[in-house]
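Q: For reference, the structure I am asking about is given below.
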Amino acid sequence: MSQRLSLDTGFVLDAWLTRDVWPRRILAFLVDVIAIAILAAAIGWVIVVLGFLTLGLGFLLLHLTPLIPPVYYVLWLQTRGAATPGQRLLGLTVRQDDTLILADPVRPSLAQSIAWTVLLGLSFALSMLPFLVMFATRRRRAAHDLLSGLTVVHATALNRAPAMP
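Structure below.
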């Protein structure tokens, strides 16, 4: 009598794509915070110079500086790599969750990128409690990932099949 160990291929694929993703996401976020701070400082300096050159009128542009982080995230998620510089540095990318089983998973749409970014900000506004959902989901998705239909995965794992036992 022989017994076979049956593995759910979906579970193996999920484990392959999302192994150790959540600690990498934290480090990627810290890299992105530094990049946003440098970008905001550079933009702030340009606005101050412009403010002096326009006798104070250019200082009105300082009201747009809170848009720097959301625009940063949305624009980077729309690039070919579908990842912020921090995510790319740590080997991560963002894909539509329902297309992960395809040979070439789809990058986020503009609407999904905007939703993901707004919900990420809301997660921080809610004392980061929505991030705890990550420990209860199969693909380690936070609440903003679930609600926007996106998943953060290893970029190198997308094009390689997991080794099946």
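Counting in UniProt numbering, the sequence shown runs from 1 upward without gaps.
Glycine residues also receive a C-beta, built at the ideal position from the N, C-alpha and C atoms.
On a predicted model such as this, the values are computed, not experimentally measured, just so you know.
1. Tell me where the alpha helix (DSSP H) around H144 begins and ends.
2. Among A42, G81 and A35, which one has its Cα closest to the Cα of L158?
3. Please classify T99: does DSSP put it in a helix, a strand, or coil?
4. For the alpha helix (DSSP H) that L62 lies in, which residues bound it at each end?
5. Can you give the Cα-Cα distance for V94 and H144, rounded to whole angstroms?
6. In chain order, what are the residue ranges of uninterrupted beta strand (DSSP E) at least 3 long that sit wholly in the stretch 7–43?
7. Identify whether L126 lies in helix, strand or coil by the three-state DSSP scheme.
8. With distance defined between alpha-carbon atoms, name the residue in T117, V106 and L50 nearest to P69.
9. DSSP state of V74, grouped into three classes?
10. Does L110 come out as helix, strand or coil in the three-state DSSP assignment?
11. Go ahead and label S148 buried or exposed: buried means 16 or more other beta carbons lie within 10 angstroms of its beta carbon, across all protein chains shown.
12. Given a threshold of 16 other Cβ atoms within 10 Å of its Cβ, counted over all protein chains shown, does P130 qualify as buried or as exposed?
A: Here's the rundown:
1. A143 to S148
2. G81
3. helix
4. Run containing L62: none; DSSP gives neither H nor E here.
5. 12 Å
6. none
7. coil
8. T117
9. helix
10. helix
11. buried
12. buried
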